[in-house]
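Asker: Chains as they are written, first to last, in full-length UniProt numbering: chain R, 1 to 406; chain P, 1 to 406; chain S, 1 to 406; chain Z, 1 to 406. A virtual CB, placed ideally from N, CA and C, is assigned to each residue, including glycine. Keep in mind it's a predicted model, so treat the numbers as computed, not measured.
4 protein chains.
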Amino acid sequence: MTDRAYSLFEEQQGARGINLNEVKAKLKGLSIETPSWGYGDSGTRFKVFQKEGVPRNPFEKFEDAAQVHKLTGLAPSVAIHIPWDKVEDYGKLKSHAESLGLAIGAINPNLFQEDDYMLGSVTNADAAIRRKATDHLLECVDIAKETGSRDISLWFADGTNYPGQGNIRKRKAWMQESLGEMYKALAPNMRMLIEYKCFEPAFYHTDLADWGMAYNLAQKLGPQAEVLVDTGHHLQGANIEHIVAYLIDEKRLGGFHFNSRKYADDDLIVGTVNPYELFLIFYQILSAASDRDEAIQSCVNNIAYMIDQSHNIEAKIPAMLRSVLNVQTQFAKALLVNHEEVEAAANRGDVLAAEHAVRSAFEFDVAPLLRSYREEQGLSVDPMGDYLASSYGKDIAVRGKGGASW
Amino acid sequence: MTDRAYSLFEEQQGARGINLNEVKAKLKGLSIETPSWGYGDSGTRFKVFQKEGVPRNPFEKFEDAAQVHKLTGLAPSVAIHIPWDKVEDYGKLKSHAESLGLAIGAINPNLFQEDDYMLGSVTNADAAIRRKATDHLLECVDIAKETGSRDISLWFADGTNYPGQGNIRKRKAWMQESLGEMYKALAPNMRMLIEYKCFEPAFYHTDLADWGMAYNLAQKLGPQAEVLVDTGHHLQGANIEHIVAYLIDEKRLGGFHFNSRKYADDDLIVGTVNPYELFLIFYQILSAASDRDEAIQSCVNNIAYMIDQSHNIEAKIPAMLRSVLNVQTQFAKALLVNHEEVEAAANRGDVLAAEHAVRSAFEFDVAPLLRSYREEQGLSVDPMGDYLASSYGKDIAVRGKGGASW
Amino acid sequence: MTDRAYSLFEEQQGARGINLNEVKAKLKGLSIETPSWGYGDSGTRFKVFQKEGVPRNPFEKFEDAAQVHKLTGLAPSVAIHIPWDKVEDYGKLKSHAESLGLAIGAINPNLFQEDDYMLGSVTNADAAIRRKATDHLLECVDIAKETGSRDISLWFADGTNYPGQGNIRKRKAWMQESLGEMYKALAPNMRMLIEYKCFEPAFYHTDLADWGMAYNLAQKLGPQAEVLVDTGHHLQGANIEHIVAYLIDEKRLGGFHFNSRKYADDDLIVGTVNPYELFLIFYQILSAASDRDEAIQSCVNNIAYMIDQSHNIEAKIPAMLRSVLNVQTQFAKALLVNHEEVEAAANRGDVLAAEHAVRSAFEFDVAPLLRSYREEQGLSVDPMGDYLASSYGKDIAVRGKGGASW
Amino acid sequence: MTDRAYSLFEEQQGARGINLNEVKAKLKGLSIETPSWGYGDSGTRFKVFQKEGVPRNPFEKFEDAAQVHKLTGLAPSVAIHIPWDKVEDYGKLKSHAESLGLAIGAINPNLFQEDDYMLGSVTNADAAIRRKATDHLLECVDIAKETGSRDISLWFADGTNYPGQGNIRKRKAWMQESLGEMYKALAPNMRMLIEYKCFEPAFYHTDLADWGMAYNLAQKLGPQAEVLVDTGHHLQGANIEHIVAYLIDEKRLGGFHFNSRKYADDDLIVGTVNPYELFLIFYQILSAASDRDEAIQSCVNNIAYMIDQSHNIEAKIPAMLRSVLNVQTQFAKALLVNHEEVEAAANRGDVLAAEHAVRSAFEFDVAPLLRSYREEQGLSVDPMGDYLASSYGKDIAVRGKGGASW
């Protein structure tokens with residue numbers, strides 16, 4: 001059945017002008033970084049449910065992440081969080097990762113879990129605390145140099161809960177000052193990826209509240225500063241794919257933190273709430289990928305696709321497997337959009353045909369394509385099934401409860 | 001200046017047809033229950049900032065709450081949470097409360113902090129867990145009998161994070177079954193106050209998601225079941241005062257959990273984000289208070305006003321002081337609405353005059369009124385100032401850090 | 001290719017336990033009513049773009065609607081709006097409809113386009129206007145008797161723009177009074193479908209603002225009153241499928257007005273913004289369809305599926321074709337859910353498997369199924385293509401511009 | 001009573017360190033432009049209620065606007081919309097305005113009411129339509145030169161309703177191209193104020209969707225391009241005062257379109273939904289006004305305060321009176337903030353004191369201050385009362401119904 005399904009699919013797509021060999025080549029280019037903290041315990045403010053078998057240290061996190069990559073071929077790197085993943089010897093962690101077929105990915109500083117940062121880290125009215133926060137950023141640059149990481153992902157919890165609590169404009173200046181100092185410390189090949197978030201944990205104003213603030217800051221800092229889009233960090237109704245297209249056009253889209261949300265920053269498994277939105281994000285990216293402007297192409301090619309979830313009731317490793325597979329599914333569907341067809345319809349003002357040309361790609365079932373691709377790549381044809389059939393989940397139960405968390 | 005201010009205010013209001021003696025009598029009728037957990041540590045999922053001096057046990061929580069009541073005369077009762085406030089001997093806690101001039105208020109069961117409840121408590125697919133949850137509810141009824149509490153406030157975290165995770169209709173039936181059993185255990189003078197919440201910690205569906213679900217359930221259960229409105233539990237844009245008016249009209253508004261929110265369930269200090277909304281809630285309540293229907297009057301007279309905040313960066317006791325004072329301020333302003341004027345304008349279709357008649361009451365400064373009222377009642381004229389000038393905040397520092405939290 | 005695709009699909013679904021003959025039988029049961037006003041001009045408050053060829057009268061609207069039904073077999077009835085579709089002789093309109101293979105569907109009173117209704121229709125403070133509005137409702141009941149329509153769909157624009165503008169509780173009573181009078185006039189087989197809407201055109205409070213208010217009113221009126229869910233009438237974040245499941249469980253879901261929205265009541269073509277949401281609505285309906293309770297089955301079987309869009313830039317007939325086809329597509333996908341699989345996973349607490357069991361049905365491509373079904377039914381295999389290839393769109397251009405609008 | 005009230009208020013504010021003479025001087029600096037179209041009929045997509053006496057032409061609009069200014073001293077200029085206010089001879093309109101004590105304010109091009117613009121104006125895929133749209137912009141620059149207007153306010157309805165309908169990045173480039181051409185045509189003292197809007201009438205993507213897009217475009221165009229903040233054009237939850245502070249800090253805040261909203265772009269009377277938000281906007285502006293940076297001061301001093309409402313059920317002139325008065329009220333309250341007090345509390349990390357320092361200014365009743373100020377300025381002490389007591393509203397009834405509308 002599988003073979004027949006694929007050859008039928010190939011025929012069908014060929015008739016639409018879609019060459020599956022090209023599609024597969026692009027599938028091969030997709031890498032999705034998983035976060036070390038996605039393998040540990042997390043929760044809501046009401047409760048963290050501790051799972052049996054969560055990793056007890058950064059080394060075990062990489063072991064779990066290796067399962068995801070081994071089965072899918074999709075997740076060759078792992079983002080780390082400092083100090084959650086602080087180790088004596090990053091060389092050792094790097095070797096460990098490499099021995100598992102992995103690389104250390106983006107470095108994520110943490111400026112929200114110390115009492116000092118209650119009223120802000122780099123935007124704190126207290127210069128000593130700003131200094132401490134900036135030093136942590138510099139420390140992370142050093143770590144990135146040790147781990148060979150290209151990207152430092154910057155999310156700041158900084159903000160206020162009430163009008164008057166902080167001077168918005170001063171805090172803006174302090175943010176720029178601190179990041180300016182960090183920027184200077186970057187190696188030439190490194191990037192700062194600046195994240196924004198509309199709210200939480202700050203409930204009145206967040207210093208970097210939207211893409212515009214992150215983008216403007218990146219522009220001031222220089223070409224090595226780019227914007228990081230977390231799909232859960234927008235107000236209800238925001239058109240995320242518009243922001244994505246916009247940032248690419250400005251050559252400032254550095255990467256994504258993928259996750260799903262229905263309400264606020266729910267941090268659910270990617271692709272489970274509104275899979276069409278994820279597809280539309282990739283449609284915009286792929287639409288820009290063929291732009292004649294090489295700077296735009298370069299931006300697209302360097303987008304860091306990362307998962308950042310805080311799924312708190314599901315088994316950890318399968319949840320991550322599902323996440324990267326869902327990303328791959330929507331990416332594959334977006335590869336089936338016939339951009340010429342969309343453009344032609346749009347240019348002649350045929351709204352219905354243009355819309356249909358996009359949506360109909362989403363409606364295809366890409367399972368035959370992905371099976372064929374996985375076979376060719378020597379990957380598991382059924383990564384979730386194979387994982388569940390393996391003993392890994394049971395084996396790690398010896399770790400017990402109470403492992404890593406945030 | 002104070003006397004002149006009050007006599008001027010009296011003159012001004014008299015000219016509008018507002019009799020300040022009647023206003024003061026109504027001010028005297030306002031009681032706001034504070035929550036025991038509002039005196040302990042709380043936070044966001046990112047961090048709980050531990051404060052020095054937070055109470056280490058239920059007894060100390062009542063001591064802190066007594067400060068709020070002593071200074072304001074507004075907060076004569078304290079809601080407790082089980083098991084956070086579980087004690088061997090509730091009689092002892094009750095005596096302690098009474099010795100401080102306080103009463104034990106509503107009992108709040110907790111069905112969200114045990115591993116068993118990860119996938120639901122009274123709506124769990126596992127009958128044994130539902131049994132356990134129902135038993136906890138029954139235990140709380142028993143506690144209420146011991147403490148002499150009239151109200152049991154029911155908030156359920158129950159819900160799902162993904163489509164398919166649970167059968168929505170079965171869960172609805174289980175909820176009704178469990179609460180039906182609890183209902184039967186109530187003493188004749190007791191009430192179940194059923195809370196609803198649009199999301200968090202469940203991110204796909206919440207079993208009691210809106211007022212309609214809570215109301216419908218209350219109707220099925222019987223007259224001792226009423227709806228509890230938490231001002232932070234609505235989707236963006238919801239007109240809360242409309243819901244309040246509606247529930248009063250159906251004689252099913254049991255009480256409030258007051259707090260402020262700009263985004264989600266931010267749980268900020270009451271009256272700090274949109275004070276006009278709080279005023280408009282009281283405007284609806286006071287508009288119904290003079291209804292000829294005695295059942296409506298009775299409903300209004302039995303509304304339980306309760307604070308439920310999780311302010312996490314402010315000093316605990318002053319934050320609670322501010323909260324009850326802010327409620328009093330907006331209540332006082334609402335008492336200045338001339339309902340005849342509003343109705344007359346509405347009846348003649350004069351939109352501008354009707355709107356103005358409501359809003360202009362909000363624009364008065366009620367400080368002179370409240371000062372005069374406090375003097376007459378022998379209360380502190382400046383509760384916040386007096387608290388800060390007292391040694392209480394410093395004295396409790398001996399409790400150290402790491403007190404009660406949730 | 002088509003035959004191979006279908007047999008492969010059949011094999012695939014068979015392996016999952018899905019019998020396509022049963023699926024096709026259920027597909028045959030799907031009827032979607034289109035609205036007469038969906039064939040005329042409409043727009044936003046900024047501009048109505050007049051299209052060439054829009055129908056000039058109710059008779060032409062039915063002719064256009066007949067195209068949609070002829071090609072899809074999905075749209076056998078047409079809802080009408082009074083007075084937009086007022087005619088001298090409804091018998092004549094009915095015969096005209098029947099000659100086109102159509103029936104007259106729901107009657108939609110209009111209580112928002114006369115100056116008298118500026119401050120409310122059935123909730124107006126002026127008794128004479130309430131009388132006039134109620135008389136219009138009674139007139140619509142009479143029309144329904146003439147047209148043989150089972151359903152009267154009730155949407156009220158009634159609400160206020162400012163606090164104080166109207167007495168919320170009085171308006172509630174007036175609404176109930178008016179609808180109570182209308183209810184008594186219903187023939188035994190007729191239904192009142194009560195719609196709700198969170199806002200627009202009222203911007204402070206809307207008298208029937210949410211499902212809870214519509215449901216509560218329906219309960220008071222009697223068993224012939226049910227709730228009508230317009231998918232565009234909710235606050236951001238509302239879980240519509242939850243409301244759907246809830247109303248079915250209460251046997252009060254009367255029907256749908258389908259359309260798409262990203263922001264407010266955008267009234268776009270169904271299934272274009274978040275197709276997964278439409279699928280999940282059908283998943284809930286189909287999950288209830290097999291309930292043992294006959295009253296629930298009866299509720300499900302009598303749900304009126306109706307389109308209510310105001311697509312304003314697309315060609316009218318193709319937009320309606322797309323709409324009914326999109327509904328059919330998501331309905332077909334929902335028919336592929338294996339409910340036993342979902343329930344089993346949910347019951348054992350396997351969140352990931354339960355979610356996957358639902359979502360994976362959505363990921364299938366139902367094109368082979370629908371092609372096969374259409375062939376068997378003697379319908380157009382490519383309704384949109386056939387319509388565009390026909391001369392109908394050009395033929396109606398003789399009608400010119402400036403046809404029916406609202 | 002009035003005198004006593006003011007002297008008490010003066011004493012009270014003096015004790016807080018607020019000098020009322022300085023406050024009054026700043027009150028005198030407040031000018032609020034009213035829009036010509038605010039005097040004509042407007043409505044929702046459901047209905048435009050025609051009012052008796054609405055102006056029939058631009059000249060009459062200025063006459064109505066003159067009433068507002070005469071009574072309040074607040075509204076010395078009137079924004080005009082082209083082509084709604086197109087006249088043969090702008091010199092004549094200008095003289096007419098001046099004879100009424102008014103000036104012609106901002107010019108507002110209209111690029112959304114012609115069939116050509118259905119799929120975009122300056123972002124239309126059709127170069128001829130873009131040309132036409134750009135020509136209209138250039139025409140407006142010419143008109144501004146004739147009328148002596150400093151500002152041209154640019155709001156674009158441009159956007160799409162569906163994915164694929166338009167190429168987002170190409171449209172971005174076309175927007176920039178068109179506005180670049182317009183920019184060159186500006187006289188040196190003129191400004192382009194670029195407005196943004198999250199949605200409506202476009203329901204998928206709007207080309208200038210948020211402040212970031214407007215700001216980025218302004219930056220590219222040059223120093224004469226600034227951002228215009230319409231308070232109704234944001235997604236739910238957006239912190240508008242944060243955006244305001246941010247744009248001032250970047251010296252790119254050009255002006256405001258004030259109105260109120262609870263849901264979408266409701267366009268209600270300013271200050272009626274959440275007066276605290278309006279106060280907080282002014283708090284941010286006044287906080288920046290004393291910045292040492294002269295460029296920031298200059299930005300603040302040149303903010304164009306404009307009303308842009310579409311109140312559709314209220315009497316036109318009184319609604320505008322109320323609007324400018326509400327702006328003045330909140331501005332006056334914001335002038336009572338003691339910024340040193342706020343800053344001191346913020347700097348010492350006293351969240352409660354900082355919040356209180358802001359909110360307590362809002363709680364003062366500024367009626368005595370405004371009465372005193374109006375008396376000193378020789379203005380009506382009760383503008384609304386005086387207007388209603390005048391015969392103007394009745395006199396204009398001779399104009400009949402069916403006047404200007406949009």
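In the DSSP assignment, find the beta strand (DSSP E) that holds R/Y305 and state where it starts and stops.
Answerer: The residue given as residue 305 of chain R occupies position 305 in the first sequence. R/Y305 -> beta strand (DSSP E) spans 304-307.
Asker: R/G254 and R/L193 look like a contact to me (Cβ under 8 Å); what is the Cβ gap, rounded to whole Å?
Answerer: The count along the first sequence starts at 1 and reaches residue 254 of chain R at position 254. The count along the first sequence starts at 1 and reaches residue 193 of chain R at position 193. About 4 Å; that satisfies the 8 Å criterion.
Asker: Roughly how many angstroms separate the alpha carbons of R/Y392 and R/A65, rounded to a whole number?
Answerer: As a working note, residue 392 of chain R is residue 392 in the first sequence. As a working note, residue 65 of chain R is residue 65 in the first sequence. If I take the Cα positions, the gap works out to 12 Å.
Asker: Quick check on the DSSP output: what are the complete alpha helix (DSSP H) runs of length 4 or more inside the region 257-327 of chain S, in order along the chain?
Answerer: The qualifying runs are 275-289, 294-301.
Asker: Below 8 Å on the Cβ atoms is my contact criterion, and I expect R/V78 with R/S36 to pass it. Report the Cβ-Cβ distance as a whole number of Å.
Answerer: Walking along the first sequence from the start, residue 78 of chain R turns up at place 78. Walking along the first sequence from the start, residue 36 of chain R turns up at place 36. Right, their Cβ atoms sit about 5 Å apart.
Asker: In terms of residue numbering, what span does the beta strand (DSSP E) encompassing P/N151 cover?
Answerer: Reading the second sequence from its first residue, position 151 is the one you call residue 151 of chain P. Position check: residue 151 of chain P holds Asp in this sequence, whereas Asn was assumed. Note, P/D151: beta strand (DSSP E), 151-154.
Asker: Can you tell which of P/Y117, P/F59, P/N108 has the C-alpha that lies nearest to the C-alpha of P/D89?
Answerer: Residue mapping note: residue 89 of chain P aligns to position 89 of the second sequence, counting from 1. Comparing Cα-Cα distances from P/D89 to each of P/Y117, P/F59, P/N108, the minimum goes to P/F59.
Asker: Quick one: measure Cβ to Cβ for S/N189 and S/G232, integer angstroms, because I've assumed they're closer than 8 Å.
Answerer: Residue 189 of chain S sits at position 189 when you count from the first residue of the third sequence. Residue 232 of chain S sits at position 232 when you count from the first residue of the third sequence. Wrong, their Cβ atoms sit about 29 Å apart, outside the cutoff.
Asker: Between R/Q50 and the rest of its own chain, which residues show a CB-CB distance below 7 Å, the 5 nearest in sequence each way excluded?
Answerer: In the first sequence, the residue the question calls residue 50 of chain R occupies position 50. Cβ neighbours of R/Q50 beyond the five flanking positions: D41, K401, G402.
Asker: My assumption, with CB atoms under 8 Å, is that S/L74 sits in contact with S/S31. Please give the rounded CB distance.
Answerer: Counting from 1 along the third sequence, the entry for residue 74 of chain S is found at position 74. Counting from 1 along the third sequence, the entry for residue 31 of chain S is found at position 31. Sure, about 7 Å apart at Cβ, within 8 Å.
Asker: Less than 8 Å between the CB atoms is what I'm expecting for P/A97 and P/D151, so what's the real figure, rounded?
Answerer: As a working mapping, residue 97 of chain P is identified with position 97 in the second sequence. As a working mapping, residue 151 of chain P is identified with position 151 in the second sequence. At roughly 15 Å, the Cβ-Cβ gap does not stay under 8 Å, so P/A97 and P/D151 are not in contact.
Asker: How far does the alpha helix (DSSP H) with R/G393 in it extend, from its first residue to its last?
Answerer: For this step, residue 393 of chain R is matched to residue 393 along the first sequence. Residues 392-395.
Asker: Quick one: is residue 448 of chain R near chain P, going by C-beta distance under 8 Å?
Answerer: Chain R is shown only over 1 to 406; residue 448 of chain R falls outside these bounds and no answer can be derived.
Asker: Within a Cβ cutoff of 7 Å, which residues of the same chain sit near S/S380, ignoring the five residues on either side of it in sequence?
Answerer: Taking the first residue of the third sequence as position 1, residue 380 of chain S is located at position 380. So the list reads L71, R374, D386, once near-sequence residues are dropped.
Asker: Per DSSP, which residues does P/I104 bridge with? Please list them.
Answerer: Start at 1 with the first residue of the second sequence, and residue 104 of chain P comes out as number 104. Paired residues: P/V78.
Asker: Which residues in chain S have a C-beta closer than 8 Å to the C-beta of residue 423 of chain Z? List them in chain order.
Answerer: Residue 423 of chain Z falls outside the range modelled here, since chain Z spans only 1 to 406, and no answer is possible.
Asker: Against chain R, which members of the region 203-235 of chain P pass a CB distance test of less than 8 Å?
Answerer: Against chain R - using a Cβ distance shorter than 8 Å - the residues of the region 203-235 of chain P are F203, Y204.
Asker: For Z/E33, list the residues DSSP reports as bridge partners.
Answerer: Your numbering for residue 33 of chain Z matches position 33 in the fourth sequence. In DSSP, Z/E33 forms a bridge with Z/M306.
Asker: Please confirm if Z/R322 has its CB atom under 8 Å from at least one CB of chain P.
Answerer: Within the fourth sequence, the letter at position 322 stands for residue 322 of chain Z. Closer than 8 Å: yes.
Asker: Keeping to the same chain, check which residues put their C-beta closer than 6 Å to that of R/D120; ignore five residues upstream and five downstream.
Answerer: In the first sequence, the residue the question calls residue 120 of chain R occupies position 120. According to the sequence displayed, residue 120 of chain R carries Gly and not Asp. If we look at R/G120 and ignore the five residues flanking it on each side, its Cβ neighbours are D158.
Asker: Taking Cβ to Cβ, would you say S/D115 is nearer than 8 Å to P/K172?
Answerer: Mapped onto the third sequence, residue 115 of chain S falls at position 115. Mapped onto the second sequence, residue 172 of chain P falls at position 172. Cβ atoms of S/D115 and P/K172: not closer than 8 Å.
Asker: With H, G and I counted as helix, E and B as strand and the rest as coil, what does DSSP make of S/R131?
Answerer: Counted from its first residue, the third sequence places residue 131 of chain S at position 131. DSSP places S/R131 in helix when its eight states are reduced to three.
Asker: Which whole-angstrom value describes the C-beta separation of P/A196 and P/M213, a residue pair presumed to lie in contact below a C-beta threshold of 8 Å?
Answerer: Residue 196 of chain P sits at position 196 when you count from the first residue of the second sequence. Residue 213 of chain P sits at position 213 when you count from the first residue of the second sequence. The sequence given here places Tyr at residue 196 of chain P; Ala does not occur at that position. With a Cβ gap of about 6 Å, P/Y196 and P/M213 count as contacting.
Asker: How is P/I18 classed by DSSP in three states: helix, strand or coil?
Answerer: Looking up residue 18 of chain P in the second sequence gives position 18. Coil, per DSSP.
Asker: Return the CA-CA distance between Z/G164 and P/Y263, expressed in angstroms with no decimal places.
Answerer: Stepping through the fourth sequence from its first residue, residue 164 of chain Z is reached at position 164. Stepping through the second sequence from its first residue, residue 263 of chain P is reached at position 263. Going by the C-alpha atoms only, they are around 31 Å apart.
Asker: Shorter than 8 Å from the beta carbon of P/C299 to some beta carbon of chain C?
Answerer: Looking at the structure shown, chain C is missing, and the protein chains on hand are R, P, S and Z.
Asker: Exposed or buried, what is Z/V227 when buried is set at 16 or more other beta-carbons lying within 10 Å of its beta-carbon?
Answerer: Here residue 227 of chain Z is taken as the residue at index 227 of the fourth sequence, counted from 1. Classification of Z/V227: buried, given that the 10 Å Cβ count is 16 or more.
Asker: Can you find the residues in the same chain that come closer than 7 Å, C-beta to C-beta, to Z/F282, ignoring five residues on each side of it along the sequence?
Answerer: Translated into positions along the fourth sequence, residue 282 of chain Z becomes position 282. Cβ neighbours of Z/F282 beyond the five flanking positions: Q330, F331, A334.
Asker: For the region 205-224 of chain Z against the region 126-146 of chain R, do three or more pairs of beta-carbon atoms, one drawn from each stretch, fall closer than 8 Å, so that the two count as touching?
Answerer: Contact fails: fewer than three Cβ-Cβ distances are below 8 Å.
Asker: Rank S/L336, S/Q236, S/A295, S/D291 by C-alpha distance to the C-alpha of S/F364 and give the top, closest one.
Answerer: By one-based count along the third sequence, residue 364 of chain S stands at place 364. For S/F364, the nearest C-alpha among the options comes from S/L336.
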